[in-house]
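Quick note: the sequence shown uses my numbering, first residue 145, plus one each step. C-beta: ideal position from N, C-alpha, C; glycine also. All figures in this text were calculated on a predicted structure; none of them were measured in a lab. Below is one structure, written out as structure tokens; comments come after it.
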Amino acid sequence: MSTQHKTRKSAPAAAPSNGKAARPLTQAERLAIQYGKGDPLVRSSTPGTQPVLDPRQFVPREAHKTRAAVMKLGLPKRIRALVRQHGTPLMVLDRASLIAEYQRFKRLLPRVELYYAIKANPHPDIIKTFRDLGGCFDVASEGEMRHVLAQGVKPSRIIFANTVKRPEALQFARKAKVNFATFDNEPELYKIAKHAPGCRVLARLKVSNLGSIVELSLKFGADQDQIVPMLSKARALGLKPEGVSFHVGSQCTNFENYQRALEVTAEIMRESLERGLPFRTVDIGGGFPIRHFKSETVNVETFANPMRRELNRLFPPEVQIIAEPGRALAGPAGLLITRVVGRSIRNNKNYYYLDDGVYGDFSGIVFDHCKYEFKTLKKTQKFFSILAGPTCDSFDTLSLSEELPELEVGDVVYVQNIGAYSCASALTFNGIPPAKVIVV
Ligand SMILES: Cc1ncc(COP(=O)(O)O)c(C=O)c1O
């Protein structure tokens, strides 16, 4: 799995090889996988089978044709050049940064197999980039599964890591040979056994999310005492129980969450083995933090040493460790460039309206509980300012307290490290489309 693959120059959907050259998918085959054409399981009205992306928003490299050299320019020059070519709002993902973050993760945690959680940012060119580095993928739905398969990823490199799955999605997974999933309750096990018999399964453990920005244990994970009985039940139902998964919460800055989760998982491993159950895999989920603000100090690097130590202390080498990072891989690559489309003075404060907002690529303010560092290309005196989005909703306000230079209509406001949970949840509200998203 960790084999490095050479980057292909053409072949939009060539399957990665295991030494064997694979025939690139034709455009028709790619579309058939993605949109379910000709698939007897899928009718066009079946929810979950529509394309997950609008190609006018997530623009593929073949269409946007941005020269890679632009990314070598200093930031102000780069932003001006990108705005000249594409206008705004524009989300640019730096391919070199995607590669660097992936390789950094692999270097810091060599034992950990990476399953990129595409929910963070499903741009096809991101998936192809990680595919070519030998990466695997975490999908949450049939739509995401189809999308990843359509980028030429082998089904054996996919985990269906939503603990609650539609029966139709499981049927599709079975047909597509995606044979690895998580669950956290017994009714789900019966569903998996019925629609995807023989599937490899991981039981998701509820773990502390203390200090994480997005708390996932509010909704997911079973208590420790339920895990071994459920793994045993999985086996009785003809499934292949493999181990445990957990998620410490997204943007987790508290290593103790991982520490405690790993200790409990090791206890479960011992109990499983005593009961004669196989224990092959630990899925440490996502949650790895990034620096949204320059002043923040914790990132993947901070966790790597204790994580490596704990993994080696608690789990024998034959236990496979996998992770499902989303934010840590896609976040640092993202640069969102917006422009001021209106300005006023309200209650004695500068009020700037940008061409992207809470309904668009700043949707992470709502769904990801995220705060961003807004920057401009001006170096003049700063004033207390308010930033808002372009829609007719007052909720569409980005910040009530920014120190910004005096801005005019047309001036750039940009945000770095915004590649995850931003464009992925952007809407077209008030008829205002979200930013064009490109990987360069
Ligand atoms: C099951 C699962 N895996 C992985 C992730 C990715 O988490 P992160 O972006 O914090 O790494 C999420 C995020 O919601 C998730 O729900």
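Supposed contact pair residue j and residue i - C-beta distance, whole angstroms, cut 8 Å
i    : j    : result
I357 : H208 : Not really, about 31 Å apart at Cβ, beyond 8 Å.
L479 : E245 : Not really, about 14 Å apart at Cβ, beyond 8 Å.
Y503 : T535 : 6 Å
S657 : E546 : In the structure displayed, the chain extends from 145 to 584; residue 657 sits before or after that span and is not available.
G430 : H391 : 6 Å
K522 : P549 : 4 Å
T397 : P433 : 5 Å
L551 : Y495 : Not quite, the Cβ-Cβ distance comes to about 10 Å (not below 8 Å), so this is no contact.
L417 : V388 : Between V388 and L417 the Cβ distance is about 13 Å, and since that is not below 8 Å, they are no contact.
I489 : V203 : About 37 Å separates the two Cβ atoms, so there is no contact after all.
V372 : E415 : 5 Å
A366 : D328 : 5 Å
H291 : Q315 : Contact flag wrong, Cβ pair sits at about 18 Å.
Q201 : K580 : 7 Å
Distance CB(residue i)-CB(residue j) smaller than 8 Å
i    : j    : result
Y565 : R471 : yes
V557 : V484 : yes
Y259 : A467 : yes
V345 : A313 : no
R353 : G296 : Looking at the sequence shown, residue 353 is not Arg but Asn. No; because the gap between Cβ atoms is not below 8 Å, this pair is not in contact.
A570 : D505 : yes
R424 : Q464 : yes
L381 : A317 : no
S241 : P476 : yes
N443 : R435 : yes
L542 : G501 : yes
T232 : I481 : yes
P299 : K321 : yes
F249 : P469 : yes
P450 : P422 : no
C343 : L375 : no
P266 : L362 : no
R222 : V214 : yes
I553 : G508 : Sequence inspection shows Val at residue 553; the Ile mentioned does not correspond to that position. No, Cβ-Cβ distance for V553 and G508 is not below 8 Å.
R251 : C280 : no
A597 : V559 : Because the chain in this structure spans residues 145 to 584, residue 597 falls outside the shown range and cannot be described.
L217 : A225 : yes
L277 : I243 : yes
Residue i in three-state terms, based on DSSP
i    : result
R187 : Residue placement at R187 is poorly supported in this model, since its pLDDT is 43, which falls under 50; the coordinates still yield a value, given next. Note: R187 maps to coil in three-state DSSP.
Y260 : strand
E550 : coil
K377 : helix
G192 : Here G192 scores only 49 on pLDDT, less than 50, and its place in the model should not be relied on; the value that follows carries that caveat. Reduced to three states, the DSSP call for G192 is coil.
F327 : strand
H149 : Here the model assigns H149 a pLDDT of 39, short of 50, so the residue's position is not dependable, and the following value carries that caveat. Three-state DSSP puts H149 in coil, outside helix and strand.
Y516 : coil
S394 : strand
F281 : strand
F573 : strand
N449 : helix
D367 : coil
Y497 : strand
V322 : coil
A165 : Residue confidence is low: A165 scores 49 on pLDDT, short of 50, so the model does not pin down where it sits. No coordinate-derived value is stated.
T535 : coil
E386 : strand
T232 : coil
S154 : Unreliable placement is indicated for S154, whose pLDDT of 37 sits below 50; the coordinate value is still reported in the next sentence. Reduced to three states, the DSSP call for S154 is coil.
F423 : coil
L362 : coil
S529 : strand
A564 : coil
A467 : strand
T273 : helix
G287 : helix
I357 : strand
Near ligand 3: residue i beta-carbon under 7 Å from a heavy atom
i    : result
H391 : Of the ligands this structure carries, namely ligand 1, none is ligand 3.
Checklist entry - Counting pairs of Cβ atoms below 8 Å between the segment 298 to 313 and the segment 272 to 285, do you hit three or more? => result Yes, they touch.
Checklist entry - Does the pairing of the segment 224 to 237 with the segment 254 to 263 give three or more beta-carbon distances under 8 Å? => result A contact is defined here as three or more CB-CB pairs under 8 Å, and the segment 224 to 237 fails this definition with respect to the segment 254 to 263.
Next on the checklist: Contact between the segment 441 to 457 and the segment 320 to 338 is defined here as three or more beta-carbon pairs at a separation below 8 Å; is this criterion met?
Outcome noted: They do not touch, by the three-pair rule.
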